[in-house]
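Chemist: Just passing along the structure, written as structure tokens.
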């Protein structure tokens, strides 16, 4: 049985939000969301660390940024 602690999930959210901000660079959230076809409220939840992307968004973001999903959540450096 796979167990995922809430502490681990929060850690994934923290790292993902930090890395997303890095990839966004100087763009503001609204501009970045518009360019990438992501609803602003969805991205706000990610940056507030209240949720993680769906697998579809994770895959698209990883491809866009040229990194792995593991990197996006801190499972690899």
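Residue numbers (this note's numbering): 5 to 81. Backbone N, C-alpha and C define an ideal beta-carbon position, used for all residues, glycine too.
Since residue 77 contacts residue 19 with CB under 8 Å, what's their CB separation in whole angstroms?
Modeler: That pair is a contact at about 6 Å.
Chemist: Are the beta-carbon atoms of residue 73 and residue 66 separated by less than 8 Å?
Modeler: Cβ distance < 8 Å, so residue 73 and residue 66 count as in contact.
Chemist: Quick check on the burial criterion: 16 or more other C-beta atoms within 10 angstroms. Buried or exposed for residue 57?
Modeler: Residue 57 comes out buried.
Chemist: Grab the span of the alpha helix (DSSP H) containing residue 80 for me, first residue to last.
Modeler: No alpha helix (DSSP H) holds residue 80; DSSP gives it neither H nor E.
Chemist: Identify whether residue 28 lies in helix, strand or coil by the three-state DSSP scheme.
Modeler: Residue state, collapsed to three classes: helix.
Chemist: Please return the same chain residues whose Cβ sits closer than 8 Å to the Cβ of residue 28, not counting the five positions on each side in sequence.
Modeler: The residues are 36.
Chemist: From residue 55 to residue 39, what distance separates their C-alpha atoms?
Modeler: If you take the alpha carbons of residue 55 and residue 39, they lie about 21 Å apart.
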